[in-house]
Structure formats: C-alpha cells, structure tokens
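Line order of the protein sequences matches chains A and B. Going by my numbering, the residue at position 324 of the first sequence is 324; the numbering climbs one at a time, nothing skipped. To convert, take the position in the second sequence, counting from 1, and add 358; that gives my numbering. Idealized CB from N, CA, C, for every residue including glycine. Just below is one structure, and these are the notes that go with it.
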Amino acid sequence: MRKLQTLVAAAVAVTLLAGCGGGTATPAASGDASSAPAGGSGETLVVYTNSNGEGRGEWLTTKAAEAGFKIEIVGAGGADATNKLIAEKNNPIADVAFGLNNMYFSQITAEGALEPYEPAWAGEVDKELGDGETYWPLVKQAILLGYNSDKFAKDAAPQDWTDLWTKDEFKARYERVTGLGTATAQLVFAGILSRYRDDSGDLGISDEGWKQVEQYFQNGSPAVAKTDLFARIASGEVDMGQMPSSIIAEREKSFKVNVETVIPSVGVPLAVEQVALVKGTKKKEQAQKFIDWFGSAQVQGEFAQQFNSMPVNKSAEAKANAEVVDFFADLKQQDIDWEFVQENMGAWVEKIELEYMT
Amino acid sequence: MGGTPVRSMARSPFVLVVGAVLTWFIAAFLVWPNVNVLIATFFPDGDFSGRAAEKLFSSQRAMKALGNSFLLAVALSITVNLVGIFIVLVTHYFRIRGSRILFLGYASTFIYGGIVLAAGYKFIYGDKGIVTSLLVKVFPAMDPGWFSGFFAVLVVMTFATTTNHMLFVANALKGIDYQTIEAARNLGASTWTILRRVVLPMLKPTLFAVTILSFLTGLGALSAPQVLGGRDFQTITPMILTFTNSPTSRDLAALLAVILGVATILMLAVMSRLEKGGTYFSVSKVSSALEKQSITNPVANAAVHAVAYLLFAVYTLPVVLIVVYSFADGAAIQTGQLTPGNLTLDNYVRVLTQQSGLRPFVVSVVYSALAALIAVGGLLFVARLLQKYRNWVSAVFEYLLHIPWVLPSALLALGLIISYDHPNPLVGGAVLTGTTVILLIAFVTVKIPFTLRMLKASFASVNSSLEEAAAIMGAKTLYVFRRILLPLVLPAAAAITALNFNSLLDDYDTAIFLAHPLVQPLGLVIKANTDGAEGVEGVANTFVYTVLLMVITGVTMYLVYGRSRLRGSTKKRLPGIPPAAPVAGPTLSGAPVPGEDATQPAAAVR
C-alpha cells in the first residue's frame, strides 16, 4: 500500500519536474527553432561561467535585470565549463559563455562550439588579447609569484620562478601545486615551459625545460587541501607561491600578512577572461545584445570597481581601482605563444602528472 | 538455494515483466551511454591505441598511487569490519551502560562526510590539533606531525565509514532468533563462542555486502588522503579526476577507472561465492526477539566499556569542532586559531541570504528524494528476483547493474549527454539533454549498485518457508511480495533510501553536466561558494553547508526511522504476517535501542 503511494508520489513529482522544465526554457525539448518563450519566463539567457564566485554571479544577474536582460547563470570550474560546452555542442543549452581564459576558449573554438560575433565594443579592447573573431577579452588577471615581504626584502626575494629551486634559501619555502587541474597552475607552467620551447624536444620543450619542472616539484612544499596559501604563509609553513593578482589585497587583509610579487625579467603570464556567443543558440539576437551590454565600458567599469578587477576595455579603466590600474600599467607581460600552449597543454599536464609530481 | 533453470524462470509473468523493463533500462541508461563514452575515449579516431596503458604503467607516480588505493581498500575492508562490528555489538547486542548515548555518537557518521570530516580530524590530531598540542606538552620529544600518511588516512576513513554497519549489520543483528542463542548457552557455550559460532555467521550476507562497500570506499578515497596523506600516501582518485577533465587525457582516466572497476567486480564475485550456499535465517518454528547480553567477566566488561567510550569520543569530537568552527571566520578555520570572541552568525547569514535562497535546497531535496525512491522501489523487485533465481541470466543482469561502480560519475554524465543530445529511439525518440529528466536518470543510475547490494543482502536473510507457506495457501506472487516479503525488508529499504537521499543532496560531479539551467541543485551552489576551495569565505562556507546538510540528513533519518517505528506497531495487528516472523521482522517494532531516531547517513568519505 505504502509502496503504491510512494510510486504515485514519485510519478506525480516526476511529472511536475518535467513539466516545469519543459514549460519554461528547455531549449532542447521544444524541438523547433522558433522556441516561443513559454510561460512568463521571457527570453531567459543561459550564461555559463567560471567567474560567478564571491558574489559576482548575483551582481551580474541583478545588473542585467536592471538593463532588461533576464539571465540564468550556470557556474562551473573552468575545465568543467569547457567540457560541458564541448559535450553539448550538438544541442547547446547555453547562449553565452564568459570568464574562461584564452586557453579554454581556444579549445572550445577548435571544437566548433562557438559562433563568431564582433561585439559593439570590439574597438575599445586590444584584439590581440582574444582571437579577434570568436571570443573577446573582458578582464585581465596576472599570474604571479608572491612572497611574504615581512620575511624577505625585495633584493633578498626571488627574482624569478627558477630561483625557487636553484637557490637553497627558497627550497622547501615555496608552495608547489599538487594537481594541474586549475587554470592558475596551468598558466604558471605555460609561463615556465614557454621559455624552453624546442621543437625537437619532448612535446615541444627542451630537456632543460623538463628539468625545471622536475626541480619545481622536488623542492617545493606540497599544497594542503582546503588550506589557502595565505594561511600557510601566515603560520610560517611556507613563504611564497603562485597567486592570481585579483585575490592578493583581500587575502592579505584576512590573514594579516604582507605579500609582494615578483616580476621576472621575461614578464608575467596574463590570464585574460573572455566572452563568446555559443553556436546554435536559439536566442542569438538577445545573446548578442547581452554581450554588447556586458562588455561595454560602463558595465565593465562597474564590475572592476566592485570586484577589484582589471578591465580590458580601455574606457572602463577610469572606474577601476587606481592601484590595480597602476599595477598593470607597470606590468611587463610575458610573451607567450598561446596557440602553441593550447595545442600542448593537455599533453603537458598529462606528462607532469605522470612523471614529475611526487 | 541452488540454481534455478532459466526455463522455469521464464514461466513466471512477474519475472517477464520485470525482466523486460530491466532490460530496457540497462540497455538505455547503463550500457549504451557508457559504451558511447568509452568508444569516444579509447577510439578517438576510430583506431584503438594502447597509449593509455603504456603511459600509465610507465608512470611511477600512477603505479604508486594505484597501489596505495588498493592497499587502503584491503585495509579498510578489515578495519571497518572490526570497528563496525564492535560498535554494533556495543549498541545492540551487549548490555552496556549508556548505549543510547553511545549510539548517538557512533551515528554521527550518518550525517556528514567528505573533506570536512577529514578536516575535523585534522583539527584534533593534526600538527596544530588539540590532542597533539596536549600530547606534545606531555611528551616534548613527540613529532607533532605524527598524524599523517597511511596510518592517519586509514584511521579517519575507518571511523568515517562505519555507517553501513550501524544501519545494516545492526538491522540484521536485531533479526537474529534469540532462541538459538539461548540454546547455545544452555549447551554451555561461552559469550565469545556464541558470538563467533552463532551470531556472526547469521550476519554474513550483510557483512559481505558492507565489506564490498568498504573496499570500494577505500579504492575511491579522495579527500582523506588529500588532507592527511601527505607526500607519501596519495591515492589514484585525484589523478582520475584531473584526467577526466582533460579531453586529451580522458583515456587514462577511463583506463584507471576500469582497473578499479574490475577490481570491485572481482571482489563482488569472491563475496558472492562465499555467500552462496549458506542459510542465513532462523529455521526454528517460533523465533523470538533478541535480548541484550551481559558480559559476565568483570575485566572484559570494564575493557569493553572503556573502549566503547573512547570510540565515542573519537566519533563525536570532530562533529563538535566542525559545528563550532562553522561560526568562526575562514582565516581562523585555516590557521586553527579559535577564540570564543570571534564566533559569529556571519557565515550563516551570508550563505542563507543569497539571491538563490532556499531554492537550491528544495531542488536538491526533490531530486534526491525522487531518485532514492525510484532506485529502491524499482530494485526491490529486481533484487528479489536476482536473489531467488540463480542462473547465468540473473548473473549477467546483476553484473550489468554494477556498471555505475566502474566509471567515475563525470564520465557517466558525459555518456548520457553524447547519447541523448539527439532524438534517440531508445527513449522513444526524445532528446534528453536540456531537460530536467536527464539528471534524475543519472541520479537513479549511480545509486543502483549500492541499492541492489544492500537489498539483496536483506532478502537473503528472509526465511523462504514463509513465502512457500503463503504460496501453498494460494497467494499470488505480487501478494506474497507485498504482504510477506516487503514488510520484512522494509527497514533495510528505508535505510537505503535515506542513505541514497543523503548522498545525492550535495552531488556536484553529475549535476554539473546534467542539471537544467533553471533547476540547479545544491551541489552547484556549494561549489560556487566554496571554490578555490581556499580563500576565506570559501572555507567558512564549506563548513556552513556541511552543518546545514547535517541538519537535513538528520531530519531525514528521524522521519524515516520515526515513521518505520510507527508502522512497526501497527504492523503487529495486521493479519497475514505470522507473529513468529523471522529475522528482519523484530526490527520494526519498538526497537530496543532508543537512540535510533537520530540516525542518518551521509556520503562516505571518498
């Protein structure tokens, strides 16, 4: 008897769930391309991003609503969002994707899951930072080596990543990663390996380059799950490690430490967060309008102000935090062949995970 | 219980109907999507390449991590049984003072798990932990980093994964016929002999099932080694996850997963063989409910009490600390500097006043409840048939149903996407991607192996003569199932449902690929709020979500157990169920252990 009730309840609930899915904005279920906006949901744009944490997703949803866009943010890590966009390419669910860096977007573009679109603000950004056709730059992020400045004066501090494992005073004092799943870690290695490009070497890298990787892992202190680098710096376990520029100010305050960053003579790798239109979206026009709005100087400026980021849009710089703008003005960008990096990154990660991580 | 010829099995219409539905389900959701994803993985350009094997077997790190995973699996199969059986006996079999309180302490693993549990142990025994600090004061020569590596991982995972013992072994224990124990005692058997020769053998099917689960938990260990393993004891799962996420290395992930899967299936085969041929129910004409035993030897009695309370402390301390730390700010959590002054409600306010509010909680509760009910409801029939009919057909079905144990959930999800992103005749020409149904399907499938194992074990302890008697008196198959068998396995089924529900609540790996954009479950929200895994708010949020999930899972357990007790008391009045009923029966009625209500399971530490 109870079983029967359970089954009935289950059946009812399934119907309800399916109904609400089919009725609102199921792009796939509605089959024909016209996809009349059902119910009261209007044209809800589905936006994939890895940049929704720390309140950014909510901020954007609210701002977009004020500008007349109804959006639904689907947050996922960089690799997850990339895999999801590629897996769904035959029947896309997203309309717009943003926040992923050039490495991820070039991978998605190569799989044919994005649609070229030139936003209204294309003239206000440095085209070189995107691919100038499909994905367009929004926010710059520097991938830095930071150290505890209470322990090391500037001239006693490392001058480059390679110092960490060649000079004895830094050995075991720096945190090294325990996995290469994150974009930040991959960019650090893109920056190091790019210097040792050798087309006759293994995976395009000379033996000398691979030796650096080996040394990096042998001499570093492994990162600890769920313990932030800044927490480890605060407790004196380590003194330095990788960090994206945007988090430094806030973490210094939370953990009460002072951190300075190293600018190697070759420069630092930049991660540039991009935006793109998803191929096969059934709300193309609306999605394009959203991209035009989101990348505009006005919105990017407000975003930068709110989240301490560095906008790519030149007209948005005025609104960004002056310290951040100054930092980037002085920053030497490392010259990295992103096409080369993107082609090889998968294989590099694999090799490092299998052979060098201990 | 010997084999049943396939031909006689095919004569029952009940078998045919269940078989047809099952065949479709297995073909559509277990075989086809996973074959697709494996083909895409191993034959990227239409040719098979041995690349993956070559790479993996020449990698020292991969081989060592794989070895560690196996070591952990084997060790856990033993230690979890030791601790698990001990706490079950202490709470349900022996007369121990305060067993009700003890039960609540041991049951704490029901409601939490994962990385936060590992962190909780680190707060206590880690290099800056409370116990370590005390010990270092007493023994200054002691190494503060003593709690790390294989030993620490094994200890934490052992205590974290006794949930299945507390639920299922305890359940089976309550079903033992007390008369056999009394008889043994009258013949002069000692407490120890009775345990070893009478009690434990009756628990075998359940012990086999939970041993497989412990083995599997060890193989899939993720967060405990990450937090406590240190340099020397890392396992294979983090590598599988990294490679799953990278399209060019996915073949390595799949190969590793298949290796672990094959090991699990072998374990399953061994256990099935051991289980075969035994009689696991009472054969006496009138069985009676278990009574608690006193330990007569005063020394042994004192020792058992001491160990029981020590374990109680081990179980409860982490939970207490996690709850306390959930009120601290993220920096304090990570540096371990806790002062009463910096405990505030801020973390809870931040998490609960988000724009998304309670909606993700509701979505997850609905999805998890549906998936748990469907999995258990459907498999009740299947487990019964697989347990009753033993021949090659049912063996094939049984192994196919374990496919979700072989592949990591991200690959299962990718398989569903690539198989159902276009109209597919297997599902009546529908497109499933982008609908709310696809996630439900995935949730149901990932819970099938666990559900099946535990249900089968619980059917195995049902006395078949009851069923035969009913059949002789003319009861139809469905009637027998509904009125005789179902009430007997219902306690186990309820526990399985609750465990399934709890483990799906915060699922991320499946939901990230399959969730409908407008109906996003909790796992995605948790991820968005805790990611970077580091950071200040992120870590604090992790603790808050853990505590909130503890509340939900605690309430679930209360509902399930509270209600089953009610049903138990009405049940007695129902005609048709012999009062002498059997083994699993007594569990239902007013359980001798009062603490039971608080029970609730959660995801094991993986």
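Assigned secondary structure, B/F505 (DSSP; H/G/I helix, E/B strand, else coil):
Working through the second sequence from its first residue, we reach residue 505 of chain B at position 147. B/F505: coil per DSSP, three-state reduction.
Taking 9 Å as the CB-CB cut-off, is B/M367 touching chain A?
Within the second sequence, the letter at position 9 stands for residue 367 of chain B. With 9 Å as the cut-off, B/M367 does not count as an interface residue toward chain A.
B/A996 versus B/F859: straight-line alpha-carbon distance, rounded:
Residue 996 of chain B lies beyond the stretch modelled for chain B, which goes from 359 to 964, so this question has no answer here.
Which of the three DSSP states, helix, strand or coil, is assigned to B/R409?
Numbered from 1 along the second sequence, position 51 holds the residue referred to as residue 409 of chain B. Annotated three-state conformation of B/R409 is helix, per DSSP.
Option nearest B/M560 by Cα separation, candidates B/N522, B/G408, B/A815 and B/M915
Translated into positions along the second sequence, residue 560 of chain B becomes position 202. The shortest Cα separation from B/M560 among B/N522, B/G408, B/A815 and B/M915 belongs to B/A815.
Counting only beta-carbon separations shorter than 9 Å, does A/L354 have a partner in chain B?
Position 354 of the first sequence holds residue 354 of chain A. Chain B contact via Cβ: present.
Leaving aside the five residues before and after B/I653 along the sequence, list all residues of the same chain whose C-beta is less than 7 Å from its C-beta, in chain order.
As a first step, residue 653 of chain B must be located in the second sequence, where it is residue number 295. Around B/I653: F452, T549, N659 and V662.
Report the start-end ranges of each alpha helix (DSSP H) in the stretch 246-324 of chain A that is 4 residues or longer and not cut off at the edges.
The qualifying runs are 248-255, 284-294 and 297-307.
B/A315 versus A/E66 - alpha carbon distance
A question about residue 315 of chain B goes unanswered here, because the residues of chain B that appear run from 359 up to 964.
Kindly list, in the order they appear in chain A, the residues whose Cβ is closer than 8 Å to that of B/K413.
Stepping through the second sequence from its first residue, residue 413 of chain B is reached at position 55. Taking a Cβ-Cβ cut-off of 8 Å, the neighbours of B/K413 in chain A comprise E350 and L354, given in sequence order.
Per DSSP, what kind of secondary structure is A/V74 in: helix, strand or coil?
Here the question's residue 74 of chain A lines up with position 74 in the first sequence. It is a strand residue.
Cβ-based burial, A/E339 [other Cβ within 10 Å; buried from 16]:
Here residue 339 of chain A corresponds to residue number 339 of the first sequence, with the count starting at 1. With fewer than 16 neighbouring CB atoms inside 10 Å of its own CB, A/E339 falls in the exposed class.
Would you verify that the beta carbon of B/M915 is, or is not, closer than 9 Å to some beta carbon of chain A?
The residue you call residue 915 of chain B lines up with position 557 of the second sequence. Chain A, which has no Cβ nearer than 9 Å to the Cβ of B/M915, makes this no.
Could you tell me which chain A residues have their CB closer than 8 Å to the CB of B/E895, listed as they occur along the chain?
The residue labelled residue 895 of chain B in the question sits at position 537 within the second sequence. Near B/E895 (Cβ distances below 8 Å), the residues of chain A are E54.
By a C-beta neighbour count over all protein chains shown, 10 Å radius and 16 as the cutoff for buried, is B/A423 buried or exposed?
Against the second sequence, residue 423 of chain B aligns to sequence position 65. Looking at its Cβ environment, which holds 16 or more other Cβ atoms inside 10 Å, B/A423 is buried.
Rounded distance between the beta-carbons of B/T521 and A/A231, thought under 8 Å
Numbered from 1 along the first sequence, position 231 holds the residue referred to as residue 231 of chain A. Numbered from 1 along the second sequence, position 163 holds the residue referred to as residue 521 of chain B. Between B/T521 and A/A231 the Cβ distance is about 31 Å, and since that is not below 8 Å, they are no contact.
Measuring straight from C-alpha to C-alpha, what distance separates A/G295 and A/F303?
Here the question's residue 295 of chain A lines up with position 295 in the first sequence. Here the question's residue 303 of chain A lines up with position 303 in the first sequence. When rounded, the distance between both Cα atoms is 10 Å.
Taking the CB atoms as reference points, tell me whether A/V272 and A/V299 lie closer together than 9 Å.
Position 272 of the first sequence, counted from the start, is the residue given in the question as residue 272 of chain A. Position 299 of the first sequence, counted from the start, is the residue given in the question as residue 299 of chain A. Here A/V272 is not near A/V299, since their CB atoms are 9 Å or more apart.
What are the boundary residues of the beta strand (DSSP E) that A/I143 is part of?
The sequence position of residue 143 of chain A within the first sequence is 143, counting from 1. Counting along the chain, the beta strand (DSSP E) containing A/I143 begins and ends at Y135 to N148.
Verify the CB distance criterion: does B/P391 have a CB-CB separation below 9 Å to chain A?
Indexing the second sequence from 1 puts residue 391 of chain B at position 33. Taking CB atoms only, B/P391 has no neighbour in chain A less than 9 Å away.
Counterpart residues of A/D49 in DSSP-defined beta bridges
Position 49 of the first sequence holds residue 49 of chain A. Residue identity differs from the one stated: residue 49 of chain A is Thr in this sequence, not Asp. Partner(s): A/G75 and A/F98.
Output yes if chain A places a C-beta closer than 9 Å to the C-beta of B/K805; else output no.
Your numbering for residue 805 of chain B matches position 447 in the second sequence. Answer no: the Cβ-Cβ gap between B/K805 and chain A never drops below 9 Å.
Extent of the continuous alpha helix (DSSP H) run through B/G576:
Residue numbering aside, residue 576 of chain B sits at position 218 when the second sequence is read from its first letter. Segment K562 to L577, the alpha helix (DSSP H) holding B/G576.
Using three-state DSSP, classify A/S41 as helix, strand or coil.
For this step, residue 41 of chain A is matched to residue 41 along the first sequence. Legend: pLDDT at A/S41 = 43, less than 50; position of this residue unreliable, no value from coordinates given.
According to DSSP, is A/Q212 helix, strand or coil?
Against the first sequence, residue 212 of chain A aligns to sequence position 212. Here A/Q212 sits in helix by DSSP.
Please report the distance separating the alpha-carbon of A/L277 from that of A/A87.
Position 277 of the first sequence, counting from 1, holds the residue named residue 277 of chain A. Position 87 of the first sequence, counting from 1, holds the residue named residue 87 of chain A. About 16 Å.
Can you round the beta-carbon distance between A/T281 and A/P116 to whole angstroms, since I take them to be within the 8 Å contact cut?
Residue numbering aside, residue 281 of chain A sits at position 281 when the first sequence is read from its first letter. Residue numbering aside, residue 116 of chain A sits at position 116 when the first sequence is read from its first letter. The C-beta separation of A/T281 from A/P116 comes to about 13 Å, leaving the pair out of contact by the 8 Å criterion.
Check for me: the beta strand (DSSP E) holding A/D199 runs from which residue to which?
Indexing the first sequence from 1 puts residue 199 of chain A at position 199. Start and end: R197 to D202.
If you count every other CB in all the chains shown that lies within 10 Å of the CB of B/A818, and 16 or more means buried, which is it?
Translated into positions along the second sequence, residue 818 of chain B becomes position 460. So B/A818 ends up on the buried side.
Pull up the CB-CB distance for A/K171 and A/N219, whole angstroms please, since I reckon it's below 8 Å.
Stepping through the first sequence from its first residue, residue 171 of chain A is reached at position 171. Stepping through the first sequence from its first residue, residue 219 of chain A is reached at position 219. Right, their Cβ atoms sit about 4 Å apart.
Mind checking A/A28: buried by the 16 CB within 10 Å criterion, or exposed?
The residue you call residue 28 of chain A lines up with position 28 of the first sequence. Unreliable placement is indicated for A/A28, whose pLDDT of 37 sits below 50; the coordinate value is still reported in the next sentence. The residue is buried, with at least 16 neighbouring Cβ atoms inside 10 Å.
Can you check which of these residues, B/S457, B/M421 and B/L525, is closest to B/I469 by C-alpha distance?
Along the second sequence, one-based indexing puts residue 469 of chain B at 111. Closest option to B/I469, Cα to Cα, is B/L525.
Could you tell me how far apart the beta carbons of B/T466 and B/T674 are, in whole angstroms, since I believe they sit closer than 8 Å?
Stepping through the second sequence from its first residue, residue 466 of chain B is reached at position 108. Stepping through the second sequence from its first residue, residue 674 of chain B is reached at position 316. Reading off the sequence shown, one finds Ser at residue 466 of chain B, where the question assumed Thr. So it is a contact: roughly 6 Å between Cβ atoms.
Which runs of the alpha helix (DSSP H) at least 4 residues long sit entirely within the stretch 361-419 of chain B? Give them in chain order.
As far as the stretch 361-419 of chain B is concerned, its whole alpha helix (DSSP H) runs of at least 4 residues are 364-367, 371-383, 390-400 and 409-415.
Inspect the beta-carbon positions of B/V838 and B/A850 and report whether they are closer than 9 Å.
Taking the first residue of the second sequence as 1, we reach residue 838 of chain B at position 480. Taking the first residue of the second sequence as 1, we reach residue 850 of chain B at position 492. Contact: no.
Drop a sphere of 10 angstroms on the beta-carbon of A/N148, count the other beta-carbons inside from all chains shown, and report buried for 16 or more, exposed for fewer.
Taking the first residue of the first sequence as 1, we reach residue 148 of chain A at position 148. By the neighbour-count rule (16 or more Cβ atoms within 10 Å), A/N148 is buried.
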